[in-house]
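Enquirer:
Number of protein chains: 2
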Amino acid sequence: MNIAEVAKAAGLPAKTIRYYEDIGLIQPKRSENGYRAFAEADLHKLAFVGRARSLGFSIVECRALLALYEDRARASGDVKALAVTHLAQIRAKIVELRAMEATLADLVHACSGDHRPDCPILRGLSQPGSGDPQ
Amino acid sequence: MNIAEVAKAAGLPAKTIRYYEDIGLIQPKRSENGYRAFAEADLHKLAFVGRARSLGFSIVECRALLALYEDRARASGDVKALAVTHLAQIRAKIVELRAMEATLADLVHACSGDHRPDCPILRGLSQPGSGDPQ
DNA sequence: CTTGACCTTCCCGTCACTGGAACCCCCATA
DNA sequence: TATGGGGGTTCCAGTGACGGGAAGGTCAAG
Chain A
1 MNIAEVAKAA
11 GLPAKTIRYY
21 EDIGLIQPKR
31 SENGYRAFAE
41 ADLHKLAFVG
51 RARSLGFSIV
61 ECRALLALYE
71 DRARASGDVK
81 ALAVTHLAQI
91 RAKIVELRAM
101 EATLADLVHA
111 CSGDHRPDCP
121 ILRGLSQPGS
131 GDPQ
Chain B
1001 MNIAEVAKAA
1011 GLPAKTIRYY
1021 EDIGLIQPKR
1031 SENGYRAFAE
1041 ADLHKLAFVG
1051 RARSLGFSIV
1061 ECRALLALYE
1071 DRARASGDVK
1081 ALAVTHLAQI
1091 RAKIVELRAM
1101 EATLADLVHA
1111 CSGDHRPDCP
1121 ILRGLSQPGS
1131 GDPQ
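Here you go:
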């Protein structure tokens, strides 16, 4: 398979696939003309990484997941540990975003949004209190 | 004020303040020795930007907010429009993260996490269905 | 033989900083 | 006067995960 076909099948841009080869996530063979020649296994790995990325795993985490994926003697506990850590990061991010959302929604709610210059949003941003209190 | 004092007062790293000058968010004067000499107004602008950043506004958005902040003839509607757009982005991100969270939580829940190699998480990642269905 | 769709590599740009090197300035103390 | 330490300055490179685009090689069809 050439890169366009694999890209379509894996749902990834060709650029991304080249990048993944660049950083060593996959090692497709080459045809005589220099084109990348992808095997079924390459496609599976790319689709796997694509799904892991869509769940928010970083490339480093994907590399680890891929190693576990390919290790028939893996312990599922190792996979779960990775996933649990990532899940915690996602939840922390959600908490952070919800705090932003709450503050911002309050400010937006308080602002009349008309032609007049008085603006509770700008007032909120210019006074301590809406910033991160660490 | 020198940069360290302003950094402490605004709650921003000195590096960040230099960066903000670099991209034109602030224009502090210079002392004869070449040191940045910050006025109160600079400090206020930095604190303002710091709070906007902590609410997730991008630098581009901060620049726009700062311009409105400094424009006494602004319409609060312009500020509100910016904030509403940003709020929508935050909410979209939250929705995205919650979808990730749900999928990942399911997978984690299904995985025994022991020494055995069988792993529903890896199975989930290797089969279509948990990826972004676009 | 040409056209157009592929493929290749390479380099720069993104975003908002962060780290580090190399160097300058100012004050206090021995 | 030397020196030491704690400011400050600039500039360069790296981060993560690609994306855009240039310059050029390859392949199949008409």
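Those sequence lines, one after another, are chains A and B.
One point on numbering: in our numbering, the residue at position 125 of the first sequence is 125, and numbering is uninterrupted.
When you read off a place in the second sequence, starting at 1, and then add 1000, the result is the number in our numbering.
Glycine included, every Cβ here is placed at the ideal spot set by N, Cα and C.
These figures come from a predicted structure and were not determined experimentally.
Going by alpha carbons, who is nearest to Leu-1065(B) out of His-109(A), Gly-129(A), Leu-125(A), Phe-57(A)?
Expert: Locating residue 1065(B) in the second sequence gives position 65, where the first residue counts as 1. Selected option, being the one with the closest Cα: Leu-125(A).
Enquirer: Looking at the structure shown, is Arg-51(A) part of a helix, part of a strand, or coil, going by DSSP?
Expert: Taking the first sequence and counting its residues from 1, the one referred to as residue 51(A) is at position 51. Note: Arg-51(A) maps to helix in three-state DSSP.
Enquirer: So, helix, strand or coil for Arg-1116(B), using DSSP?
Expert: Within the second sequence, numbered from 1, the residue matching residue 1116(B) stands at position 116. Reduced to three states, the DSSP call for Arg-1116(B) is coil.
Enquirer: Helix, strand or coil: how does DSSP classify Arg-1030(B) here?
Expert: Numbered from 1 along the second sequence, position 30 holds the residue referred to as residue 1030(B). In the structure shown, Arg-1030(B) sits in a strand (DSSP, three-state: E or B).
Enquirer: State the Cα-Cα distance for the pair Ile-1121(B) and Lys-1093(B), rounded to the nearest angstrom.
Expert: Your numbering for residue 1121(B) matches position 121 in the second sequence. Your numbering for residue 1093(B) matches position 93 in the second sequence. Answer to the nearest angstrom: the Cα atoms are 24 Å apart.
Enquirer: Please report how far the alpha carbon of Thr-16(A) lies from the alpha carbon of Arg-1051(B), in whole angstroms.
Expert: As a position in the first sequence, residue 16(A) is number 16, starting the count at 1. As a position in the second sequence, residue 1051(B) is number 51, starting the count at 1. Roughly 35 Å separates the two Cα atoms.
Enquirer: For His-86(A), which residues of its own chain have a beta-carbon under 8 Å away from its beta-carbon, when the five flanking residues on both sides are left out?
Expert: Your numbering for residue 86(A) matches position 86 in the first sequence. Here the set comprises Leu-55, Gly-56, Phe-57, Glu-61.
Enquirer: Measure from the alpha carbon of Gly-1024(B) to the alpha carbon of each residue in Cys-1111(B), Val-1049(B), Pro-1128(B), then state which is nearest.
Expert: Numbered from 1 along the second sequence, position 24 holds the residue referred to as residue 1024(B). If we check each option's Cα against that of Gly-1024(B), Val-1049(B) comes out closest.
Enquirer: Assign Arg-1063(B) to one of three DSSP states: helix, strand, or coil.
Expert: Counting from one through the second sequence, the residue named residue 1063(B) turns up at place 63. Correct three-state label for Arg-1063(B): helix.
Enquirer: Assuming Leu-46(A) and Val-6(A) make a contact with CB atoms under 8 Å, what is their CB distance in whole Å?
Expert: For this step, residue 46(A) is matched to residue 46 along the first sequence. For this step, residue 6(A) is matched to residue 6 along the first sequence. Sure, about 6 Å apart at Cβ, within 8 Å.
Enquirer: Under 9 Å, Cβ to Cβ, is there at least one residue of chain B near Glu-5(A)?
Expert: Along the first sequence, read from residue 1 onward, the residue named residue 5(A) stands at position 5. Answer no: the Cβ-Cβ gap between Glu-5(A) and chain B never drops below 9 Å.
Enquirer: Short of 9 Å Cβ to Cβ, which residues in the segment 1068 to 1094 of chain B face chain A?
Expert: Listed by position along the chain: Leu-1068, Tyr-1069, Asp-1071, Arg-1072, Ala-1073, Arg-1074, Ala-1075, Ser-1076, Gly-1077, Asp-1078, Val-1079, Lys-1080, Ala-1081, Leu-1082, Ala-1083, Val-1084, His-1086, Leu-1087, Ile-1090, Arg-1091, Lys-1093, Ile-1094.
Enquirer: Within 9 Å (strictly less), CB to CB, does Ser-1058(B) reach chain A?
Expert: The count along the second sequence starts at 1 and reaches residue 1058(B) at position 58. Not one chain A Cβ lies under 9 Å of Ser-1058(B).
Enquirer: For a contact defined as C-beta to C-beta under 7 Å, what are the partners of Pro-13(A) on chain B?
Expert: For the purposes of this step, residue 13(A) is identified with residue 13 of the first sequence, where counting begins at 1. Residues of chain B passing the Cβ test: none, with the nearest at roughly 13 Å.
Enquirer: Return helix, strand or coil for Arg-1036(B), following the three-state DSSP convention.
Expert: The count along the second sequence starts at 1 and reaches residue 1036(B) at position 36. Here Arg-1036(B) sits in strand by DSSP.
Enquirer: Counting only C-beta atoms, is Ala-953(B) closer than 9 Å to chain A at any point?
Expert: Shown here, chain B extends from 1001 to 1134; a query on residue 953(B) therefore has no answer.
Enquirer: So Gly-1077(B) is in the alpha helix (DSSP H); what residue range does that whole segment cover?
Expert: Against the second sequence, residue 1077(B) aligns to sequence position 77. Residues 1076 to 1110.
Enquirer: Pull out every residue of the segment 1041 to 1052 of chain B whose Cβ sits closer than 8 Å to any Cβ of chain A, in chain order.
Expert: Correct list: His-1044, Ala-1047, Phe-1048, Gly-1050, Arg-1051, Ala-1052.
Enquirer: Give me the chain B residues within the contact set of Ala-105(A), using Cβ-Cβ distance strictly less than 8 Å, ordered along the chain.
Expert: For the purposes of this step, residue 105(A) is identified with residue 105 of the first sequence, where counting begins at 1. Residues of chain B passing the Cβ test: Leu-1087.
Enquirer: Let me know if Gln-1134(B) comes out buried or exposed under the rule of 16 or more other beta-carbons within 10 Å of its beta-carbon.
Expert: Here residue 1134(B) is taken as the residue at index 134 of the second sequence, counted from 1. Low confidence applies to Gln-1134(B): its pLDDT is 39, below 50, so where it sits in the model is not reliable, and the reading given next is rough at best. The residue is exposed, with fewer than 16 neighbouring Cβ atoms inside 10 Å.
Enquirer: Determine, using beta carbons only, whether Met-1100(B) comes closer than 9 Å to chain A.
Expert: Here residue 1100(B) refers to the residue found at position 100 when the second sequence is read from its first residue. So, interface residue.
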